[in-house]
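Protein chains: 2
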Amino acid sequence: MQQPMRIAVIGAGTIGASWTALFLAAGHEVAASDTATGAEARLREQVRANWDDLVALEIAQGSADNALARLSFHEDAAEAARAADIVQENTPERIDLKRDILARIESTLPPEALILSSTSGIMPSDLQRGMTHPERLVIGHPFNPPHLIPLVEVVGGSRTSSAAIEAAMRFYTGLGKQPIRVDREITGHVANRLQAALWREAVYLAAEGVASVGDIDRAMTAGIGIRWALMGPHLTFHLGGGAGGMAAFMENLGPAVESWWEDLGEASLDQPTRRAIIEGVEDETEGRCIDDLTRARNAALLRLLAVDRTV
Amino acid sequence: MQQPMRIAVIGAGTIGASWTALFLAAGHEVAASDTATGAEARLREQVRANWDDLVALEIAQGSADNALARLSFHEDAAEAARAADIVQENTPERIDLKRDILARIESTLPPEALILSSTSGIMPSDLQRGMTHPERLVIGHPFNPPHLIPLVEVVGGSRTSSAAIEAAMRFYTGLGKQPIRVDREITGHVANRLQAALWREAVYLAAEGVASVGDIDRAMTAGIGIRWALMGPHLTFHLGGGAGGMAAFMENLGPAVESWWEDLGEASLDQPTRRAIIEGVEDETEGRCIDDLTRARNAALLRLLAVDRTV
Chain A
10 MQQPMRIAVI
20 GAGTIGASWT
30 ALFLAAGHEV
40 AASDTATGAE
50 ARLREQVRAN
60 WDDLVALEIA
70 QGSADNALAR
80 LSFHEDAAEA
90 ARAADIVQEN
100 TPERIDLKRD
110 ILARIESTLP
120 PEALILSSTS
130 GIMPSDLQRG
140 MTHPERLVIG
150 HPFNPPHLIP
160 LVEVVGGSRT
170 SSAAIEAAMR
180 FYTGLGKQPI
190 RVDREITGHV
200 ANRLQAALWR
210 EAVYLAAEGV
220 ASVGDIDRAM
230 TAGIGIRWAL
240 MGPHLTFHLG
250 GGAGGMAAFM
260 ENLGPAVESW
270 WEDLGEASLD
280 QPTRRAIIEG
290 VEDETEGRCI
300 DDLTRARNAA
310 LLRLLAVDRT
320 V
Chain B
10 MQQPMRIAVI
20 GAGTIGASWT
30 ALFLAAGHEV
40 AASDTATGAE
50 ARLREQVRAN
60 WDDLVALEIA
70 QGSADNALAR
80 LSFHEDAAEA
90 ARAADIVQEN
100 TPERIDLKRD
110 ILARIESTLP
120 PEALILSSTS
130 GIMPSDLQRG
140 MTHPERLVIG
150 HPFNPPHLIP
160 LVEVVGGSRT
170 SSAAIEAAMR
180 FYTGLGKQPI
190 RVDREITGHV
200 ANRLQAALWR
210 EAVYLAAEGV
220 ASVGDIDRAM
230 TAGIGIRWAL
240 MGPHLTFHLG
250 GGAGGMAAFM
260 ENLGPAVESW
270 WEDLGEASLD
280 QPTRRAIIEG
290 VEDETEGRCI
300 DDLTRARNAA
310 LLRLLAVDRT
320 V
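Residue numbers (the working numbering), protein chains in the order written: chain A, 10 to 320; chain B, 10 to 320.
Structure below.
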């Protein structure tokens with residue numbers, strides 16, 4: 010259990026609401042800020058919905074009402090940041106906007122407080138430019154929905170201190186997350202690059218008519234996705250090498266893998282490709298709306314996360 | 010429930026033993042063949058081990074002994090194929106060997122019987138060359154371990170009849186599998202291409218020192234792998250588009266994805282890279298042996314497969 014802290018959640022959309030529920034579940038006080046009209050009401054409503062998930066996973070205890078008593082809302086980010094121990098920033102993905110917010114936060118934030126950014130697309134070194142205390146800026150990039158998915162990617166910029174990175178790793182681990190340490194800032198961090206690499210081939214195969222969009226998705230859910238929920242790609246191939254492990258895999262299957270790499274396709278999201286993928290998804294979803302799919306996905310996610318996936 | 014059939018399992022190593030257990034669980038009679046010394050004893054032993062998994066998943070009922078009474082073993086593939094309704098071929102991945110086996114099978118197999126090949130690397134049109142009845146040759150490529158993983162890739166060659174492909178799809182569906190239809194023969198079919206595309210980026214990131222092998226694997230198991238066990242890549246991005254679905258995703262995030270595609274790395278399995286990956290896996294597995302990891306993986310797989318992952 011972490012010492013109760015005061016955490017500022019700057020940007021209280023879907024990601025911010027997800028973080029807020031998780032921070033409240035861990036016993037922290039949350040000072041949220043968002044400039045959108047009606048943001049506070051929406052935040053409280055979303056935290057209630059997320060709370061039910063967290064109770065189901067035994068991460069949260071007690072009622073949402075009790076927890077929400079520890080949430081305060083501030084239109085001004087500087088007010089939310091006042092006296093905070095940690096900031097989790099989730100504003101829109103625009104560098105000018107984020108730099109402006111960071112300056113306002115730093116005007117009231119204690120100098121030793123940690124600033125964590127949920128950004129998926131902006132490099133930490135770019136965020137640090139102009140900061141008074143750039144050494145405490147760390148990216149903590151979550152995966153949707155952040156209150157449920159354990160992964161957080163932790164990345165520092167050129168001016169981030171190693172103490173700040175260690176503090177970010179400890180903070181997320183203490184929340185029950187599984188943070189990974191990205192040692193070099195790079196577009197897309199790690200997980201989005203892996204996703205993009207796979208999706209490029211998926212789009213290529215669909216565009217070339219090798220299989221339908223639905224069947225390509227099923228190759229994942231009925232096959233490789235099940236294995237990857239338990240073991241990452243390296244460990245999967247380590248087992249694929251038999252008794253000799255990865256060394257045997259490299260020896261026996263390395264040349265085959267390299268020949269597959271050479272054969273992989275290129276894809277571009279031109280109009281015909283977009284149309285093919287969009288129509289393929291329509292066939293796959295058979296008229297189900299996004300809300301229905303999202304509810305069903307979250308319910309399945311709760312069932313999956315309740316299982317011990319430890320290998 | 011399928012009508013009980015006589016199925017010839019040609020090549021009774023790990024894959025063959027896995028298929029055998031599944032076919033017996035569905036009530037079929039299995040005639041297995043393998044020329045390796047001690048193959049029959051090993052097959053019976055592996056079927057017993059697989060049987061326990063299938064009982065745990067409520068796919069098999071009754072004792073392994075009762076089921077094994079429906080298994081016969083033949084040194085000669087032609088004898089196993091005699092009077093069979095379906096052949097599942099799992100011999101080593103060598104075209105000359107497989108062609109030779111197919112000729113011997115066809116010498117005794119009824120002409121209307123279906124021949125399914127588990128090959129991952131050989132094109133069906135290459136297997137068909139020289140066959141008496143090439144129209145009944147279909148690839149049914151399973152994923153390890155085949156008695157547990159639902160995915161089977163179904164691919165025909167240039168001379169395969171559509172009736173044979175339909176029959177293969179029906180057969181695997183009837184076994185409780187989730188077959189997908191690959192409409193064009195291509196190296197690696199679908200799933201191994203997707204795996205290879207992702208692993209290329211994973212190897213690149215490890216080789217460049219962006220993250221450790223263990224942390225890259227954790228990006229999968231703690232994050233994207235959990236989601237992919239429920240929804241394939243297209244459906245995942247369909248939800249990522251919000252209320253507008255895939256069309257909105259393409260519009261809003263298409264350019265970002267294309268820029269990520271441009272930024273993805275190249276990898277080669279040269280000696281320094283092999284060493285880095287092998288050492289990274291050693292760090293990740295902390296001295297655990299392959300047997301221990303495999304046991305733990307299979308146990309976790311059984312827990313995962315018992316969950317309703319339907320979205």
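Don't be surprised by glycine CBs; every beta carbon is placed ideally from N, CA and C.
| Check | Outcome |
| --- | --- |
| Using DSSP with H/G/I as helix, E/B as strand and the rest coil, what is A/I195? | coil |
| Cβ of A/Q204 less than 8 Å from any chain B Cβ? | yes |
| Would you grab the beta carbon distance between A/M132 and A/E194 for me? Rounded to a whole angstrom, and I think it's under 8 Å. | 5 Å |
| For a minimum of 3 consecutive residues, which ranges assigned as the beta strand (DSSP E) are wholly contained in the segment 26-80 of chain B? | 38-42 |
| Return the chain-ordered list of same chain residues with a C-beta closer than 7 Å to the C-beta of B/V191, the five sequence neighbours on each side being excluded. | E162, V163, V164, H198, V199 |
| Any chance the segment 17-29 of chain A sits against the segment 81-98 of chain A, with 3 or more Cβ pairs inside 8 Å? | yes |
| Could you pull the DSSP bridge partners for A/V18 from this structure? | A/A41, A/Q97 |
| Cβ closer than 9 Å: which chain A residues qualify as neighbours of B/D272? | I195, T196, G197, R202, A205 |
| Please report whether the beta-carbon of A/T230 lies at a distance below 8 Å from any beta-carbon of chain B. | yes |
| Which residues in the same chain as A/E115 place their Cβ atom closer than 7 Å to its Cβ, once the five residues preceding and following it in sequence are excluded? | M140, T141, H142 |
| Return helix, strand or coil for B/L244, following the three-state DSSP convention. | helix |
| Just checking: is the beta-carbon of A/F82 within a distance shorter than 8 Å of some beta-carbon in chain B? | no |
| Measuring straight from C-alpha to C-alpha, what distance separates A/A170 and B/R318? | At residue 170 of chain A the sequence reads Ser, which differs from the Ala that was named. About 42 Å. |
| Using DSSP with H/G/I as helix, E/B as strand and the rest coil, what is A/Q11? | coil |
| Residues of chain A with CB closer than 8 Å to the CB of B/T303, please, in chain order. | L248 |
| Please name the residues in the segment 172-188 of chain B whose beta-carbon is closer than 9 Å to at least one beta-carbon of chain A, in chain order. | K186, Q187, P188 |
| By how many angstroms is the C-alpha of B/L80 removed from the C-alpha of B/T46? | 18 Å |
| State whether the segment 207-217 of chain B contacts the segment 272-291 of chain B, with contact taken as three or more CB pairs (one from each stretch) at a distance under 8 Å. | yes |
| Fully enclosed by the segment 152-225 of chain B, which beta strand (DSSP E) runs are 3 residues long or longer? | 160-165, 187-191 |
| Kindly confirm or deny that the segment 202-210 of chain B and the segment 181-189 of chain B touch, where touching means at least three C-beta pairs closer than 8 Å. | no |
| What span of residues does the beta strand (DSSP E) with A/I124 cover, start to end? | 123-126 |
| For the alpha helix (DSSP H) containing B/A90, list its first residue and its last residue. | 86-90 |
| So for B/I148, helix, strand or coil by DSSP? | strand |
| Using 8 Å for Cβ pairs, my map puts A/A69 next to A/A26. What's the rounded Cβ distance? | So it is not a contact: roughly 14 Å between Cβ atoms. |
| Of all Cβ atoms in chain A, is any one closer than 8 Å to the Cβ of B/T319? | yes |
| Would you mind reading off the limits of the alpha helix (DSSP H) that contains A/D105? | 104-117 |
| Here's the rule: buried if 16 or more other CB atoms are within 10 angstroms of the residue's CB, otherwise exposed. What is A/G254? | buried |
| Just list the residues that DSSP pairs B/F83 with in beta bridges. | Per the sequence shown, the amino acid found at residue 83 of chain B is His instead of Phe. According to DSSP, which records beta bridges pairwise, B/H83 is partnered with B/S42. |
| Answer yes or no: does any C-beta atom of chain B fall closer than 8 Å to that of A/I104? | no |
| Using a Cβ-Cβ distance under 8 Å, would A/E1 count as near chain B? | Any question about residue 1 of chain A goes unanswered here, given that chain A covers just 10 to 320. |
| For B/A86, I'd like the list of residues in its chain whose CB is within less than 6 Å of its CB, leaving aside the five on either flank, ordered along the chain. | I19, S42, I110, R113, I114 |
| Do you know offhand how far A/A265's Cα is from B/R145's? | 28 Å |
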